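Numbering-wise (our numbering), the sequence shown opens with residue 63 and increments by one. Heads up, the beta-carbon is just placed ideally off N, CA and C, and yes, glycines get one too. Predicted model only: the values in this text are computed from it and were never measured.
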Amino acid sequence: MSNEQHPQQGPVERPAPPEEWGWAQRAAAPIHWVETEPLEYHRLLRGAPKYRWWKPLLALVLGFFYYLTFTVVFSVVVMVPYLLLSGAELSEETILALAIPDTQQPISLVVTLGSVALMIPAVWLAMLSTGLTPIGRGWSVALRIRWRLLFRTVIPAFVALVVMNVVGIAFELAFAAVIGDSTPIAEVPTIDPTLALWSALIILLLVPIQATAEELVFRGMFMQTLGAWFGGSRAAGAVGAFLRGPWIPIVVPSIIFGFAHIYDIWGWMAVVLLALVAGWLSWRTGGLEAAITIHVVNNWIAFGLMVFAIGGETKQTASGAGPGALIGEIVGLGLYVWWVERIFVRKGGPRTRIDLVQSRLAAPPATATATPQVAP
63 MSNEQHPQQG PVERPAPPEE WGWAQRAAAP IHWVETEPLE YHRLLRGAPK
113 YRWWKPLLAL VLGFFYYLTF TVVFSVVVMV PYLLLSGAEL SEETILALAI
163 PDTQQPISLV VTLGSVALMI PAVWLAMLST GLTPIGRGWS VALRIRWRLL
213 FRTVIPAFVA LVVMNVVGIA FELAFAAVIG DSTPIAEVPT IDPTLALWSA
263 LIILLLVPIQ ATAEELVFRG MFMQTLGAWF GGSRAAGAVG AFLRGPWIPI
313 VVPSIIFGFA HIYDIWGWMA VVLLALVAGW LSWRTGGLEA AITIHVVNNW
363 IAFGLMVFAI GGETKQTASG AGPGALIGEI VGLGLYVWWV ERIFVRKGGP
413 RTRIDLVQSR LAAPPATATA TPQVAP
């Protein structure tokens, strides 16, 4: 019960709200700061100081609209000078041509890679708008990019991609020989060296940002949203353990990530496999670093092949190779997972975090002065 001092009268008692007003009693309850349990990466949003179950959903919705706004502004800023300088007409054909990456049309790389990069500020602004702070939760349990871990995964990523392509090409050739595939080798299109050089420079600069943005959305915000929802499950036994575990947050965004690309079934399976590996590594290592590295190196190589028209195309197509390429990817990504696991275990990096969150439940005095920490 609370007392107020009236300006002209003595102390006045303010009656407590009726018991049926549960919401009023909760609102009047004192706020305590309590420690969370050790949170793995996919449940990290539950460590936000004022976490509520609806905030991740609102952040997803706001992030989508922020991204649409950014891309519209970006498209106008890029396309207006392009149309004026090139003399091209503003038509559906022109817009579609710029929407597909083509290394013989560098402006298309600026449009496509640059627009994807805008996912990063969209996610940050959405998290700030909903109080899911600090925004570094999207990167790792350390609330930042752990650059040392990221750089340690660069060599494993390059080696894994080389193995992936060598094994994939070998199996594709073997399958073609077995089934007697007589498909003629695609002719190499004419390449303008100047345009190819500009494209290579754009790819070198923008792919790391583009790949990082996709990881921040699909293995970051999307994965953590699902982890926050299911991670609060009170179900007991195996069902509860499964819901609180990482599998739903890893698998669902991976499938959606596959549908965000234009590839055929083999290409879709390859993209989903890469996403599954990236999601598992993010959970296992407590952050996005290993996922970012393999994504960046994969895209560098893929776009690099397009620059030199290796495979007969200078632009992205729906073809995703075949079963041989998928086998190569399994071998290469398996090597990468094994290597990163060894690095992470040997260096002993943290993979969970304990935070302080607000609670209206009574808290032991010991937790009131606790500080956030990264658990081993």
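Between residue 420 and residue 197, the CB-CB gap reaches or exceeds 7 angstroms. Under the DSSP definition of a beta bridge, residue 410 lacks any partner.
Positions of the beta strand (DSSP E) runs, each at least 3 residues long and wholly inside the region 255–301, cannot be given because no such run exists. Taking C-beta separations shorter than 8 angstroms and ignoring five residues to either side along the sequence, the partners of residue 296 in its chain run 302, following chain order. In the structure shown, residue 202 adopts extended strand secondary structure according to DSSP, grouped into three states. CA-CA distance, residue 363 to residue 201, rounds to 24 angstroms.
Residue state for residue 94 is assigned as strand, using DSSP reduced to three classes.
Taken atom to atom, the span from the alpha-carbon of residue 138 to that of residue 263 is near 23 angstroms.
Spanning the alpha carbons of residue 417 and residue 100 requires a straight line of approximately 8 angstroms. Here the C-alpha atom of residue 233 lies approximately 38 angstroms from the C-alpha atom of residue 102. Going by C-alpha positions, residue 266 is about 46 angstroms away from residue 300. With contacts defined by Cβ atoms closer than 7 angstroms, residue 319 and residue 280 form a contacting pair.
Separation of residue 285 and residue 168 (C-alpha to C-alpha, rounded to the nearest whole angstrom) is 33 angstroms. Inter-residue distance for residue 348 and residue 413 is about 4 angstroms (C-alpha atoms, whole angstroms).
In this structure, DSSP gives residue 162 a state outside helix and strand, which the three-state scheme calls coil. Under DSSP, the beta-bridge partners assigned to residue 421 are 94. The C-beta separation of residue 131 from residue 177 comes to about 12 angstroms, leaving the pair out of contact by the 8 angstroms criterion. One thing to note: residue 252 has its Cβ no nearer than 7 angstroms to the Cβ of residue 402. Looking at the backbone, the Cα of residue 291 and that of residue 113 are separated by about 11 angstroms. Assignment of residue 351 by DSSP, reduced to helix, strand and coil, places it in the helix class. Less than 7 angstroms divides the Cβ of residue 415 from the Cβ of residue 203.
In this structure, residue 184 sits away from residue 144, with a CB-CB distance that is not shorter than 7 angstroms.
If one requires a minimum length of 3 residues, no beta strand (DSSP E) run lies completely within the region 122–165. Approximately 7 angstroms separates the beta-carbon atoms of residue 336 and residue 360; this is inside 8 angstroms, confirming the contact. Taking the CA atoms as reference points, residue 385 sits about 39 angstroms from residue 140.
Per DSSP, the beta-bridge partners of residue 102 are 414. Between residue 182 and residue 107, the gap from beta carbon to beta carbon reaches 7 angstroms or more. Annotated three-state conformation of residue 112 is coil, per DSSP.
With respect to residue 122, residue 192 sits apart: the two C-beta atoms are not nearer than 7 angstroms.
Residue environment for residue 153: exposed (fewer than 16 other C-beta atoms within 10 angstroms of its C-beta). Check the Cα spacing between residue 116 and each of 190, 268, 287: the tightest is with 287.
Between residue 354 and the set 212, 149, 294, 126, the nearest pair of CA atoms involves 212. Excluding sequence positions up to five before and after residue 270, its CB lies within less than 6 angstroms of the CB of 358, all in the same chain and listed in chain order.
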